[in-house]
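Line by line, the protein sequences are chains A and B. Residue 1 is where the first sequence starts when you use the numbering used here, and the numbers rise one by one after that. Residue 1 is where the second sequence starts when you use the numbering used here, and the numbers rise one by one after that.
Number of protein chains: 2
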Amino acid sequence: MLKLKKVPIDTYPESVALLSRSCAHYRAEEFQALRKIEVMSDGNHILANLIIADDPAIVGPEELGLGEQAFRRMGLPEGTLVHIAQAPPPESLEAVRAKIDGRSLSAGQIKDIISDITAHRYSPMEIAAYLISSASFMTTAEVLALTKAMAEVGNQMTWEAPLVVDKHCIGGIPGNRTSMIVVPIVAAHGLTVPKSSSRAITSPAGTADTMEVLAQVNLTMNQMRTVVEREKGCLVWGGHVNLSPADDILISVERPLRVDSPEQMVASILSKKLAAGSTHLLIDMPIGPTAKVRDHKQAVRLRKLFEYIGDQLGLFIEVIFTDGSQPIGRGIGPVLEARDVMAVLRNEASAPADLRERALLLAGHMLDFDPQLRGGSGHGRAVEILSSGQALAAMERIIAAQGASTQKHALGEMVLDVPAPSSGVVGAIDCYRISRIARLAGAPMDKGAGIDLFKKVGDGVRQGEPLYRIYACVAADFRFSTQLAEDYSGYTIMPDRDGPRTGAKP
Amino acid sequence: MLKLKKVPIDTYPESVALLSRSCAHYRAEEFQALRKIEVMSDGNHILANLIIADDPAIVGPEELGLGEQAFRRMGLPEGTLVHIAQAPPPESLEAVRAKIDGRSLSAGQIKDIISDITAHRYSPMEIAAYLISSASFMTTAEVLALTKAMAEVGNQMTWEAPLVVDKHCIGGIPGNRTSMIVVPIVAAHGLTVPKSSSRAITSPAGTADTMEVLAQVNLTMNQMRTVVEREKGCLVWGGHVNLSPADDILISVERPLRVDSPEQMVASILSKKLAAGSTHLLIDMPIGPTAKVRDHKQAVRLRKLFEYIGDQLGLFIEVIFTDGSQPIGRGIGPVLEARDVMAVLRNEASAPADLRERALLLAGHMLDFDPQLRGGSGHGRAVEILSSGQALAAMERIIAAQGASTQKHALGEMVLDVPAPSSGVVGAIDCYRISRIARLAGAPMDKGAGIDLFKKVGDGVRQGEPLYRIYACVAADFRFSTQLAEDYSGYTIMPDRDGPRTGAKP
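Okay, structure coming up:
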């Protein structure tokens with residue numbers, strides 16, 4: 001028996017255990033070929049990947065170390081006696097092997113895989129094996145089974161309301177913070193809209209990051225329920241509500257692999273909406289050369305998959321294609337985006353018109369879900385709610401219900417204006433590049449870091465006139481982001497009249 | 001800039017870097033989503049997976065820790081100033097994505113993948129993505145390109161001899177140490193046979209482990225060349241010779257995933273033989289219900305793939321199917337197997353007849369590669385060399401040339417005889433079970449641990465008579481292995497006359 005010890009290392013998404021090479025009770029190398037071990041005590045057992053330690057200061061010969069993830073999952077105090085064994089491979093890995101061999105999986109097999117992944121029985125390389133085995137081909141029946149399995153393995157919410165509406169945007173467009181305008185409009189109208197959002201993983205801000213500038217977003221499921229029951233809507237972080245725990249684990253492997261199949265995306269999005277108890281879902285699908293969905297053909301294929309799976313689940317889905325050729329609004333990064341959102345809600349003259357229009361378009365479609373409204377009148381109703389200040393009032397109530405932010409977030413103090421290299425007209429803005437620059441500047445970790453755009457596609461510029469301003473809070477971030485912007489600003493400037501393009505990507 | 005620090009943890013096959021969460025120069029969490037970072041100094045740069053440390057005793061805010069693998073690959077002293085950045089994904093990962101999408105890869109794309117894997121640019125989950133993307137379908141052109149790429153990325157040997165012969169056994173049969181008999185016979189005849197072998201990874205002994213009981217096996221490529229030039233043959237560990245470095249890395253992921261496609265196996269084996277400069281290869285393919293190759297159909301498919309790729313490479317390949325229904329010889333584990341091998345070479349009356357016969361069968365086929373011999377006379381020549389003591393003399397010269405073992409390896413002192421549960425005839429022996437019991441007893445790490453079989457298939461036994469003896473050197477190993485044997489010995493005893501089976505797997 002070994003004594004449990006917490007080793008303060010964070011190996012997310014992996015759980016690791018550390019065994020001394022001179023362990024008194026086990027031969028560490030014996031476990032090395034297959035890496036994964038099972039750690040057992042009377043109270044609990046977990047699987048963890050093995051690290052062999054050669055320093056008694058890290059783990060002694062009588063100890064078993066657990067990294068932070070593993071220690072939390074084990075849930076037992078230091079010093080607890082545990083024993084270990086080579087971990088049996090998860091049984092559902094047999095189904096993954098069948099999938100590799102080209103067979104289609106039954107709903108039961110997919111359920112077992114998702115259940116094992118959620119219970120942390122898969123190592124990252126086993127998760128990769130599952131994802132790749134399914135990335136090349138899945139039947140629609142498999143996608144349906146996967147969506148159901150992912151929804152059922154986490155928390156599930158139910159609502160008294162006959163209609164529970166939600167929206168989702170297929171990502172990739174910086175500044176696209178429509179949810180923070182749409183939710184107050186829809187809630188003010190009286191529909192139930194329990195919106196949970198993600199934090200940014202590789203982008204400069206997620207809706208949860210931007211909402212956090214104004215209000216608490218780390219609500220539990222019960223707190224979320226209370227807010228929605230009172231105010232009809234909410235804007236909380238989905239990670240805390242645990243609606244699709246399998247998805248969080250799958251994403252931790254999809255991201256570094258940059259694997260993102262349409263089937264997995266549909267299952268990921270719809271499983272969360274299903275678990276949240278939604279009945280009607282509007283999907284905003286921006287199409288653009290630097291957006292996630294690149295062309296119309298890809299968009300139609302994805303739309304049909306959403307519609308098919310939605311129909312099977314009894315979830316009404318409407319997909320609308322929108323312009324994804326450039327960022328929405330002006331600010332990119334939490335504080336700047338929150339500023340734009342509030343300007344729209346306050347009907348300020350300076351509010352970005354494109355953000356306002358996009359939000360009204362989406363809110364209109366969502367209001368059209370309401371059987372009480374005359375067909376096609378949703379957009380007019382959305383304009384009315386926004387213009388009259390009812391949306392602002394609803395947002396203020398939602399902020400108060402979630403708990404207003406106690407922290408004052410200021411813009412970064414290091415700023416640089418990026419100038420136009422030549423005179424002409426903005427021909428294109430590279431969403432991907434703009435995101436990277438804003439991210440390097442410190443967004444979303446520094447709420448006040450990011451980019452403020454002064455010019456959008458079609459605007460005229462004079463040589464040397466600023467295209468956008470970079471804000472950063474830390475010197476190194478400022479240096480990295482401004483360097484990246486100097487290499488290539490993300491803007492393509494075209495001469496006023498027909499002629500060769502300048503400022504193109506080098 | 002951060003100061004390099006060695007953190008004594010072994011994370012094979014992964015390279016890891018450790019960054020303090022309160023790092024003075026970088027934001028550790030920024031790197032966490034994509035996990036992999038690039039560590040750079042003037043002298044060198046490597047990629048490593050990131051661990052965030054929350055204890056200054058492990059890494060301080062001004063330090064960058066490297067695990068043992070990463071530190072060795074970085075090759076710079078502690079205290080060297082380094083900087084880090086998010087690692088760009090290996091470019092060849094684009095080809096992996098193309099393969100996932102169902103496309104076939106060009107020889108150039110496969111070469112780039114293997115080259116990036118060998119340079120440790122792939123994380124285990126990226127290696128898994130590559131393996132799985134290729135496991136479901138590879139064209140023979142892809143297998144050929146893979147074999148060539150794997151051979152070319154490591155050391156390559158050339159020989160003056162017109163004929164360079166080699167043998168390989170598809171694994172899974174305990175005690176199958178024919179190489180240590182075949183190589184001396186073939187070398188004594190005068191053919192060049194530069195044999196490199198593996199160490200056990202999940203089995204109780206590899207040829208390198210058993211040969212090490214008698215001689216040094218960790219030879220460099222130049223030492224191997226010297227031995228072969230003098231004695232015509234050698235029996236060294238392949239890991240030190242670095243003939244297929246990509247294979248060692250791929251195997252470190254294939255094992256835990258238990259993924260082993262025929263295409264990958266063929267490329268793995270033939271790339272090593274190609275790099276070793278072989279011209280003629282004999283493949284021993286045991287077929288049996290608990291062997292690696294389960295049935296004749298699977299065997300024929302595998303044989304044809306070997307033959308096709310061999311023909312394309314100009315490597316003459318002969319595949320022979322052998323009986324893989326039970327262990328070969330009596331001893332399982334390095335010391336016991338070495339005892340059996342030497343008994344055969346010494347023509348002792350007690351030598352296991354099946355090991356002798358199998359070795360003569362293989363040696364005969366290899367001698368038939370020699371154009372100077374009359375067709376079909378290889379087996380007779382092999383018997384002559386073995387019986388006359390020439391094979392023993394050749395083995396003694398090879399041992400001397402490699403360097404005789406300076407260590408005396410004794411059998412484990414803890415022994416248990418496993419008795420027959422009933423009287424009858426041995427009907428079957430489960431190779432997989434016997435391997436596991438021998439491995440738990442401590443083989444191959446304890447050279448003297450293992451199993452000595454007293455009964456083989458067809459032998460009569462009386463109830464209580466010992467079937468085999470377990471040897472162990474460490475109390476815990478002895479306990480684990482004898483427990484496993486008591487649960488199920490691996491033997492099926494059938495009554496002398498027709499009747500119900502007893503002792504079957506519970």
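The beta carbon of each residue, even a glycine, is placed where N, CA and C say it ideally should be.
Between T139/B and chain A, the shortest Cβ-Cβ separation is not below 8 Å. The Cβ atoms of I328/A and D354/A sit closer than 8 Å to each other. Taking the Cα of I434/B as reference, the smallest distance to any Cα among M445/B, E142/B, I181/B, I451/B is reached at I451/B. In the three-state reduction of the DSSP assignment, Y308/B falls in the helix class, which pools H, G and I. Taking a beta-carbon distance threshold of 8 Å, Q32/B counts as an interface residue toward chain A. Runs of beta strand (DSSP E) with 3 or more residues, each lying fully within the region 149 to 222 of chain A, are found at 165 to 169, 193 to 197, listed in chain order.
Beta-bridge partners of D477/B (DSSP): none assigned. Flagged as an interface residue toward chain A: K36/B, by a C-beta distance shorter than 8 Å. Counting C-beta pairs with one atom in each stretch, the region 200 to 214 of chain A and the region 165 to 181 of chain A have three or more that are closer than 8 Å, which means they touch.
Here G288/A has G324, S325 as same chain residues with Cβ atoms under 6 Å from its own Cβ, once five neighbours each way along the sequence are excluded.
Rounded to whole angstroms, P88/B and G60/B show a C-alpha spacing of 26 Å. About 5 Å separates the CB atoms of L411/A and Y471/A; that is less than 8 Å, so the two are in contact. Along the region 123 to 157 of chain A, the positions whose C-beta sits under 9 Å from a C-beta of chain B are S123, P124, M125, E126, I127, A128, A129, Y130, L131, I132, S133, A135, S136, F137, read in chain order.
Listed along chain B, no residue sits closer than 8 Å to E63/A by beta-carbon distance, the nearest being about 14 Å off. If you compare the alpha carbons of V7/B, I51/B, H45/B, E62/B with that of H25/B, the shortest gap goes to E62/B. Against chain A, the beta carbon of A53/B has neighbours under 8 Å at P8, I9, D10, listed in chain order.
Per DSSP, E30/B lies in no beta strand (DSSP E) and is assigned neither H nor E. Scanning chain A for C-beta atoms nearer than 9 Å to the C-beta of D209/B yields nothing, as the closest lies near 13 Å away.
Here P262/A really is in contact with L305/A; their C-beta atoms are around 6 Å apart, less than 8 Å. Scanning R97/B, R397/B, V228/B for the CA closest to the CA of S134/A turns up R97/B. For chain A, the residues of the region 99 to 110 of chain B that bring a beta carbon within less than 9 Å of one of its beta carbons are K99, I100, D101, G102, in chain order.
Residue-level contact by beta carbon fails for L47/B and chain A, as no gap is shorter than 8 Å. When the beta-carbon positions are compared, V182/A and A338/A stay at least 8 Å from each other. S489/B has its alpha-carbon roughly 20 Å from the corresponding atom of A475/B. Rounded to whole angstroms, the gap between the alpha carbons of D368/B and I320/B is 13 Å.
A residue is called buried when at least 16 other Cβ atoms come within 10 angstroms of its Cβ; K297/A does not meet this threshold and is exposed. Contact with chain B is found for T202/A, since one of that chain's Cβ atoms lies less than 8 Å from the residue's Cβ. Residues of chain A whose Cβ lies closer than 8 Å to the Cβ of I117/B do not exist, since the nearest Cβ in that chain is about 14 Å away. Sixteen is the threshold: when 16 or more other Cβ atoms of the shown chains lie within 10 Å of the Cβ of Q264/B, as they do, the residue is buried. Taking every protein chain shown into account, the CB of E91/A has fewer than 16 other CB atoms within 10 angstroms, so this residue is exposed. For I332/B, no Cβ of chain A is located within less than 8 Å of the residue's own Cβ.
In the three-state reduction of the DSSP assignment, Y432/A falls in the helix class, which pools H, G and I. Contact of V335/B with chain A by beta-carbon distance below 7 Å is absent, the smallest such distance being about 18 Å. Take the alpha-carbon of H409/A and the one of L34/B: they are about 27 Å apart. Ranked by how close their Cα comes to the Cα of S104/B, the residues K3/B, Y130/B, P124/B have Y130/B in first place.
S405/B and E212/B do touch by the CB rule: their CB atoms are close to 7 Å apart, below 8 Å.
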